[in-house]
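K.L.:
Protein chains in written order, with full-length UniProt numbering: chain E, 1 to 357; chain S, 1 to 357.
The structure's right below; bear with me while I get my questions together.
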DNA sequence: CTGAAAGCGCTAACAC
DNA sequence: GTGTTAGCGCTTTCAG
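Now the structure itself:
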């Protein structure tokens, strides 16, 4: 049965008019004490009450359209069936699927997520978390992790159930769900090497983020594995995951006369900037240079050429993070663990002509 | 001063250890009654208390790091300084900027937004709204409006402060903030006509949404204004704002031998599908057909050719919606009004060769 | 101007 | 099994 239409209820049979029915109303109508009604309504305590009485209470609650008041419940229990979800920037297409994954899992067990946007501002982050804690959220999922992040470290150390998603901290005892960046870089590099590339450039992302350092480290490892020279000139550190940073890096490479036939971009936005810079110099892609990105953002299949990229299962990242947090809420003392999800190469240029070196 | 680091407070001088200080703690420390402390802490009632005492209370609250408990406050006042924000699909890049606009404005006056994703599912919507109402949100912003939407109509009619953003309802007494679709279509059509187009097709969006019908109506109006024939063949109704729907529509047009040199797509996703279908038939763009979209989604400037589109100021839409709702919360009886924000053409093909008809 | 007392709606000891 | 009581932390009458 759908909940009663808001604002237009004819009113329960009790005296009051348009007020939402309270537990006391239900109890009164069912002829029991509010405490009994509470026990009957609560699945966890229902066994404490006579089966018949319980049924009657449920029945009355249903006809009255009773909905427990979560505020009152929170005040009493200091729990809220909700968690905080801290996102650096919702307009980055990376994050909405993570949010969806988290919400879907939480929703399945009656939990909600408070979503907050920090805009990458630590002050906003601390303020938001403080505000959420005062609302008795039971735990947090952070998508804002930095390698060194004292605030989250303290929060977790203080016993607040905390899970990281997409990005990890350097201290590793906080559970996290991330993509297997090392594995992703490995398949991307193998792809490039298989195409014949020997001079591959890496546009590395911010080195205060686990994604940035892990992909860079894996890039170096891959160079070694494939017997390629690890030339400092073929590495560009980008200070932000932004198109402009990618464009700047590639422009500098070209200006410096660095020779390369392929680019492993730390993510798709850097790859986009790379496209821009190459086009700006009249270089064709993949004719002159092959580019591989990271994330498989929406619409990168519409670029010309379509961007080959390493797909990260963001929805699943979120779903797993939610599971991890729920598990932690149920069994706070279980040892923590982190989850690495496999990445896959989305090859959109497999029909491209072999590289001319 | 930053809030005390979570979980590691040395503890206030009162007996308790890691507990958050309560109003009673502050009152005790300041040597006043909790009620007085409450009055002093609350800007609205501060004038009721002696200036010195008030200062002392504020001082103590500060050193103790006191943060009022919003749950207790909500239980007492049935207010929450928060509103519900109902989004059909957060992964649609349209909506995150709206969310940001709303949050920025609300945050400025101490309000929060609960964001819920309905996934376009009415059942999820009613459930989410019910849940938010029970959390005492003070009002709602809906981005899920449909022309006929009994649920929202009842909610608003029942007195719940409600604002629509991006999409309106047919009943117009619910305040809304939307883009000026008619104006947007007019400039888009003028653009196409100025390029020399006479046979222009419209891919119309869902006709249960205000955006869909308004753009279609404006398209017809523009045909009339420019003295162009309003041929039913040059109109395609798409049942969803989706790439696939746009592709299907254009494919059908081509199959049916409909002659056209330009397409006004109801939004960018339909335009994307249009690109696909044209490419699939070996037609070049803008060589053979010009396309104009709607929204200026991220990265449509990266398509080839870059998509000319009507930009909707989504962030501002959100910001205005928040203002409207806040105004409504403050003065519930003021007459409602709706806001139309101007749209602008983002011409990315102005250098394109003139059309060969 | 301040204190006392009540109560928002619910749950958890503790009786019976 | 069920009722009684108390209280989560706050605001708001009502006295004084």
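Glycine is no exception: its CB is placed at the ideal position from the N, C-alpha and C atoms.
Being a predicted model, the structure only gives us computed values, none of them experimental.
Roughly how many angstroms separate the alpha carbons of residue 217 of chain E and residue 236 of chain E, rounded to a whole number?
P.N.:
Along the first chain, read from residue 1 onward, the residue named residue 217 of chain E stands at position 217. Along the first chain, read from residue 1 onward, the residue named residue 236 of chain E stands at position 236. Approximately 13 Å between the Cα atoms of the pair.
K.L.:
What are the boundary residues of the beta strand (DSSP E) that includes residue 311 of chain E?
P.N.:
Position 311 of the first chain, counted from the first residue, corresponds to residue 311 of chain E. Run containing residue 311 of chain E: 308-311, per the beta strand (DSSP E) assignment.
K.L.:
Can you name the residues of chain E whose CB is closer than 9 Å to the CB of residue 67 of chain S?
P.N.:
The sequence position of residue 67 of chain S within the second chain is 67, counting from 1. Within chain E, the residues near residue 67 of chain S are 130, 131, 133, 134.
K.L.:
Which term fits residue 48 of chain E, buried or exposed, when burial requires 16 or more other beta carbons within 10 angstroms of its beta carbon?
P.N.:
Numbered from 1 along the first chain, position 48 holds the residue referred to as residue 48 of chain E. Under this definition residue 48 of chain E is an exposed residue.
K.L.:
Within the region 243-284 of chain S, note down every full alpha helix (DSSP H) run reaching 4 residues or more, in order along the chain.
P.N.:
Listed in chain order, the complete alpha helix (DSSP H) runs (minimum 4 residues) inside the region 243-284 of chain S are 243-255, 268-280.
K.L.:
If you measure beta-carbon to beta-carbon, which residues of the region 109-126 of chain S are closer than 9 Å to chain E?
P.N.:
For the region 109-126 of chain S, which is checked against every Cβ of chain E, the residues closer than 9 Å are 112, 113, 114, 115, 116, 117, 119, 123, 124, 126.
K.L.:
Classify residue 268 of chain S as buried or exposed, calling it buried when 16 or more other Cβ atoms lie within 10 Å of its own Cβ.
P.N.:
Translated into positions along the second chain, residue 268 of chain S becomes position 268. Residue 268 of chain S is buried by the Cβ-count criterion.
K.L.:
The region 63-95 of chain E: which residues have C-beta closer than 7 Å to a C-beta of chain S, in chain order?
P.N.:
If the cut-off is 7 Å between Cβ atoms, the region 63-95 of chain E has 67, 69, 70, 71, 72, 74, 75, 90, 91, 93 near chain S.
K.L.:
Measure the alpha-carbon distance for residue 249 of chain E versus residue 259 of chain S and round it to whole angstroms.
P.N.:
Reading the first chain from its first residue, position 249 is the one you call residue 249 of chain E. Reading the second chain from its first residue, position 259 is the one you call residue 259 of chain S. Looking at the two C-alpha atoms, the distance is approximately 46 Å.
K.L.:
Determine, using beta carbons only, whether residue 198 of chain S and residue 223 of chain S come nearer to each other than 8 Å.
P.N.:
One-based indexing of the second chain puts residue 198 of chain S at position 198. One-based indexing of the second chain puts residue 223 of chain S at position 223. No, these two residues do not count as a Cβ contact at 8 Å.
K.L.:
Helix or strand or just coil, what does DSSP make of residue 187 of chain S?
P.N.:
Position 187 of the second chain, counted from the first residue, corresponds to residue 187 of chain S. Of the three classes helix, strand and coil, the one that applies to residue 187 of chain S here is helix, per DSSP.
K.L.:
Can you grab the Cα-Cα spacing for the pair residue 291 of chain S / residue 233 of chain S, in whole Å?
P.N.:
Residue numbering aside, residue 291 of chain S sits at position 291 when the second chain is read from its first letter. Residue numbering aside, residue 233 of chain S sits at position 233 when the second chain is read from its first letter. Whole-angstrom Cα-Cα distance: 17 Å.
K.L.:
Under a three-way DSSP split, which group does residue 294 of chain E fall into?
P.N.:
Position 294 of the first chain, counted from the first residue, corresponds to residue 294 of chain E. Note: residue 294 of chain E maps to strand in three-state DSSP.
K.L.:
Bridge partners of residue 102 of chain S, per DSSP?
P.N.:
Within the second chain, numbered from 1, the residue matching residue 102 of chain S stands at position 102. DSSP lists no partner for residue 102 of chain S.
K.L.:
Using a Cβ-Cβ cut-off of 8 Å (strictly less than) and excluding sequence neighbours within five positions of residue 262 of chain E, which residues of its own chain qualify?
P.N.:
If you number the first chain from 1, residue 262 of chain E lands on position 262. Cβ within range, chain order: 192, 195, 197, 199, 200, 201, 289, 290, 291, 292, 355.
K.L.:
Measure from the C-beta of residue 103 of chain E to each C-beta in chain S and report whether the shortest distance is under 8 Å.
P.N.:
For the purposes of this step, residue 103 of chain E is taken as residue 103 along the first chain, with counting starting at 1. Yes, residue 103 of chain E counts as interfacial toward chain S.
K.L.:
Does any CB atom of chain E fall closer than 8 Å to the CB of residue 142 of chain S?
P.N.:
Working through the second chain from its first residue, we reach residue 142 of chain S at position 142. No, residue 142 of chain S lies away from the interface with chain E (no Cβ there is under 8 Å from its Cβ).
K.L.:
For residue 53 of chain S, which residues in the same chain have their Cβ closer than 8 Å to its Cβ, ignoring the five residues on either side in sequence?
P.N.:
Numbered from 1 along the second chain, position 53 holds the residue referred to as residue 53 of chain S. Cβ within range, chain order: 30, 32, 36, 40.
K.L.:
Could you check where the beta strand (DSSP E) with residue 236 of chain S kicks off and where it finishes?
P.N.:
Taking the second chain and counting its residues from 1, one reaches residue 236 of chain S at position 236. Looking at the DSSP string, the run of the beta strand (DSSP E) that includes residue 236 of chain S is 235-237.
K.L.:
What does residue 303 of chain E touch in chain S if you count any residue whose Cβ is under 9 Å from its own?
P.N.:
For the purposes of this step, residue 303 of chain E is taken as residue 303 along the first chain, with counting starting at 1. Going along chain S in sequence order, the residues near residue 303 of chain E (Cβ under 9 Å) are 299, 302, 303, 304.
K.L.:
Please state whether DSSP places residue 142 of chain S in a helix, a strand or coil.
P.N.:
Reading the second chain from its first residue, position 142 is the one you call residue 142 of chain S. In the structure shown, residue 142 of chain S sits in a strand (DSSP, three-state: E or B).
K.L.:
Find the nearest neighbour of residue 129 of chain E within the set E:161, E:148, E:225, E:75, judged by alpha-carbon distance.
P.N.:
Mapped onto the first chain, residue 129 of chain E falls at position 129. Nearest of E:161, E:148, E:225, E:75 to residue 129 of chain E, Cα basis: E:161.
K.L.:
Ordered along the chain, which non-local residues of its own chain (more than five positions away) have a Cβ less than 8 Å from that of residue 187 of chain E?
P.N.:
Taking the first chain and counting its residues from 1, the one referred to as residue 187 of chain E is at position 187. Around residue 187 of chain E: 310, 343, 344, 345.
K.L.:
Residue 312 of chain E and residue 301 of chain E look like a contact to me (Cβ under 8 Å); what is the Cβ gap, rounded to whole Å?
P.N.:
Stepping through the first chain from its first residue, residue 312 of chain E is reached at position 312. Stepping through the first chain from its first residue, residue 301 of chain E is reached at position 301. About 15 Å separates the two Cβ atoms, so there is no contact after all.
K.L.:
What residues from the region 151-179 of chain E come within 9 Å of chain S, judged by C-beta to C-beta, listed N to C?
P.N.:
Taking 9 Å as the Cβ-Cβ cut-off against chain S, the residues of the region 151-179 of chain E that qualify are 151, 154, 155, 156, 157, 158, 159, 160.
K.L.:
Determine the extent of the alpha helix (DSSP H) in which residue 174 of chain S is found, giving its start and end residues.
P.N.:
One-based indexing of the second chain puts residue 174 of chain S at position 174. Looking at the DSSP string, residue 174 of chain S is not in any alpha helix (DSSP H), and its letter there is neither H nor E.
K.L.:
Going along chain E in order, which residues have a C-beta closer than 9 Å to the C-beta of residue 99 of chain S?
P.N.:
For the purposes of this step, residue 99 of chain S is identified with residue 99 of the second chain, where counting begins at 1. Residues of chain E passing the Cβ test: 90, 91, 115, 117.
K.L.:
Using a Cβ cut-off of 8 Å (strictly closer), state whether residue 272 of chain S contacts chain E.
P.N.:
Walking along the second chain from the start, residue 272 of chain S turns up at place 272. It does; some Cβ of chain E falls within 8 Å.
K.L.:
Residues bridged to residue 372 of chain S by DSSP?
P.N.:
The structure shown does not extend to residue 372 of chain S, since chain S spans only 1 to 357, so no value can be given for it.
K.L.:
Tell whether a beta-carbon distance below 8 Å holds between residue 112 of chain E and residue 143 of chain E.
P.N.:
For the purposes of this step, residue 112 of chain E is taken as residue 112 along the first chain, with counting starting at 1. For the purposes of this step, residue 143 of chain E is taken as residue 143 along the first chain, with counting starting at 1. No, Cβ-Cβ distance for residue 112 of chain E and residue 143 of chain E is not below 8 Å.
K.L.:
Could you spell out the range, first to last residue, of the beta strand (DSSP E) harbouring residue 82 of chain E?
P.N.:
Within the first chain, the letter at position 82 stands for residue 82 of chain E. 82-87 is the extent of the beta strand (DSSP E) around residue 82 of chain E.
K.L.:
Compute the Euclidean distance between the alpha carbons of residue 281 of chain E and residue 275 of chain E, then round it to the nearest angstrom.
P.N.:
Locating residue 281 of chain E in the first chain gives position 281, counting from the first residue. Locating residue 275 of chain E in the first chain gives position 275, counting from the first residue. C-alpha separation (whole angstroms): 10 Å.
K.L.:
Since residue 138 of chain E and residue 79 of chain E are thought to touch, with beta carbons under 8 Å apart, how far apart are those beta carbons, to the nearest angstrom?
P.N.:
As a working mapping, residue 138 of chain E is identified with position 138 in the first chain. As a working mapping, residue 79 of chain E is identified with position 79 in the first chain. Yes, they are in contact, since the Cβ atoms of residue 138 of chain E and residue 79 of chain E sit about 6 Å apart, within 8 Å.
K.L.:
State the Cα-Cα distance for the pair residue 208 of chain E and residue 146 of chain E, rounded to the nearest angstrom.
P.N.:
In the first chain, counting from the first residue as 1, residue 208 of chain E sits at position 208. In the first chain, counting from the first residue as 1, residue 146 of chain E sits at position 146. Cα to Cα, residue 208 of chain E sits roughly 6 Å from residue 146 of chain E.
K.L.:
Could you check what DSSP says for residue 112 of chain S in three-state terms: helix, strand or coil?
P.N.:
Locating residue 112 of chain S in the second chain gives position 112, counting from the first residue. The answer is strand: DSSP assigns residue 112 of chain S an E or B state.
K.L.:
Out of curiosity, what's the CA-to-CA distance linking residue 2 of chain E and residue 123 of chain S?
P.N.:
By one-based count along the first chain, residue 2 of chain E stands at place 2. By one-based count along the second chain, residue 123 of chain S stands at place 123. Residue confidence for residue 2 of chain E is low, a pLDDT of 35 falling below 50, so the modelled location carries little weight; the figure read from the coordinates is stated next. Near 9 Å, if we compare the C-alpha coordinates of residue 123 of chain S and residue 2 of chain E.
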